[in-house]
Structure formats: C-alpha cells, structure tokens
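Input: a single structure, listed below in structure tokens.
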Amino acid sequence: MKAQAVSAAVLAAACLSGLAVSEPTWHDLAITAPRHGRYLHRTASEDAFFWQADTAWEMLHRLNKTSIDFYLRSRAEQGFNVVQTVIISELNGTTRPNFYGDLPFNNSDPTQPNEEYFELVDWASELAASYGILLALVPTWGMYVSGGYHDTESIFNESSARQWGQYIGARYPGLPKILGGDTD
Numbered sequence: 007m008k009a010q011a012v013s014a015a016v017l018a019a020a021c022l023s024g025l026a027v028s029e030p031t032w033h034d035l036a037i038t039a040p041r042h043g044r045y046l047h048r049t050a051s052e053d054a055f056f057w058q059a060d061t062a063w064e065m066l067h068r069l070n071k072t073s074i075d076f077y078l079r080s081r082a083e084q085g086f087n088v089v090q091t092v093i094i095s096e097l098n099g100t101t102r103p104n105f106y107g108d109l110p111f112n113n114s115d116p117t118q119p120n121e122e123y124f125e126l127v128d129w130a131s132e133l134a135a136s137y138g139i140l141l142a143l144v145p146t147w148g149m150y151v152s153g154g155y156h157d158t159e160s161i162f163n164e165s166s167a168r169q170w171g172q173y174i175g176a177r178y179p180g181l182p183k184i185l186g187g188d189t190d
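So, in structure tokens, the structure goes:
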C-alpha cells in the first residue's frame with residue numbers, strides 16, 4: 007500500500023511538472039547580443055528585443071514575495087520587459103538580512119553563498135519570467151569590491167570575486183548581468 011502511495015505521488019508530480027513547462031521561464035526569455043549586429047535578440051527565437059527596463063535595486067533584499075509579485079505584475083502591465091536589480095543590497099547588504107531573515111553569504115564569506123537567500127532570487131527570476139520580464143542582475147555594488155562608500159569595507163579580493171562571478175554565471179546563465187553597480 008505504501009509503495010502505491012509513493013508511486014501515485016511520483017506520477018502526480020510528473021504530471022503537474024508538465025503543466026509548469028507551458029509557462030515561460032527565464033531560460034526561454036534569454037537574450038543575446040549578436041557578434042556583428044546592432045540589436046539584442048531572444049536567444050531561442052532570434053526575435054529583436056528592445057530593453058525596456060525599470061530599476062528595483064533593493065527588491066531582492068527588502069521586499070517580501072507578495073510585494074515582489076505586485077511590483078513585477080505592475081511593471082509587466084506597464085510594458086516593462088526587464089527589471090534591473092542587485093543581488094547584494096547597497097545598505098548593509100552583508101550584515102542586514104532580507105525580509106525572510108537570510109543573508110547572501112554564510113559566515114560573511116563571499117565564497118559561501120547562502121542557499122536560502124538564493125532561493126528567493128530563483129523564485130523572483132521565475133516569477134518575473136512568468137510575466138514576460140527578465141531580471142538583469144548586478145552581482146554586487148562596487149563598494150563591496152573597492153570599499154569606502156558608506157564606510158563599507160571590501161569583501162571581495164581577486165579570487166573571491168572570480169568565484170562569485172562564476173557562481174552567479176552558472177546559477178543564472180540565461181539572465182543578463184550588469185557589471186557596474188558603482189558607488190562613489
């Protein structure tokens with residue numbers, strides 16, 4: 007009897023997972039800049055893509071899921087197709103937890119990403135895609151690389167910055183990354 011219940015659960019999960027495939031994911035919405043072109047295009051379809059973006063720098067750190075959903079739905083209704091956001095909050099982003107109590111790193115070590123923190127980033131990326139929006143990710147503000155702004159000390163060195171970039175690139179291969187996040 008127990009084996010039948012497990013089999014039924016596996017079958018139900020398999021069937022339900024097929025339903026989710028019909029919604030766009032951020033992988034489906036990926037964009038590319040052609041080597042010899044003048045415009046962005048959708049990677050899968052090669053349709054031209056116009057970057058109509060809004061910025062929500064603190065969205066992933068300050069908002070709860072209900073607020074993120076409201077914001078993304080509103081931006082989709084207004085015609086935005088990209089939301090630019092940063093992974094590590096500008097204001098105490100390494101010491102002040104997000105809405106759910108999670109910090110981006112374990113033990114304040116940028117080579118140890120906190121899985122719970124990134125589950126929210128994953129969720130927001132998929133939700134945005136369901137509204138036809140790509141999240142364009144700034145991996146970190148410049149002050150966490152160079153220090154000084156808001157009396158912030160650098161948390162990255164060359165090695166940890168490379169590891170961080172590889173982590174973000176591997177986890178979100180189809181999402182655009184914005185290298186900048188400058189702060190003076």
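For the numbering used here, add 6 to where a residue sits in the sequence shown, where the first one is 1. Positions of the beta carbon are idealized from the N, C-alpha and C atoms, including for glycine. Only a predicted model underlies this, so the values are computations on that prediction, with no experimental measurement involved.
Opening and closing residue of the alpha helix (DSSP H) in which residue i lies
i, result
"residue 66", "65–68"
"residue 172", "164–177"
"residue 152", "149–152"
Nearest residue (CA-CA) to residue i, options the options
i, options, result
"residue 180", "104, 115, 131, 75", "131"
"residue 126", "141, 185, 117, 183", "141"
"residue 90", "75, 113, 63", "63"
"residue 145", "36, 161, 74, 41", "161"
"residue 184", "151, 143, 177, 43", "143"
"residue 107", "96, 117, 121", "121"
"residue 149", "78, 94, 75", "94"
Counterpart residues of residue i in DSSP-defined beta bridges
i, result
"residue 55", "46"
"residue 111", "119"
"residue 61", "90"
"residue 38", "47"
Residue interval of the beta strand (DSSP E) (run including residue i)
i, result
"residue 72", "It is not in any beta strand (DSSP E) - residue 72 instead sits in the alpha helix (DSSP H) that spans 71–83."
"residue 140", "140–144"
"residue 91", "88–92"
Supposed contact pair residue j and residue i - C-beta distance, whole angstroms, cut 8 Å
i, j, result
"residue 139", "residue 177", "Not quite, the Cβ-Cβ distance comes to about 18 Å (not below 8 Å), so this is no contact."
"residue 45", "residue 54", "5 Å"
"residue 133", "residue 104", "Contact doesn't hold; Cβ gap of about 16 Å is too wide."
"residue 78", "residue 123", "Contact doesn't hold; Cβ gap of about 19 Å is too wide."
"residue 34", "residue 50", "6 Å"
"residue 117", "residue 166", "5 Å"
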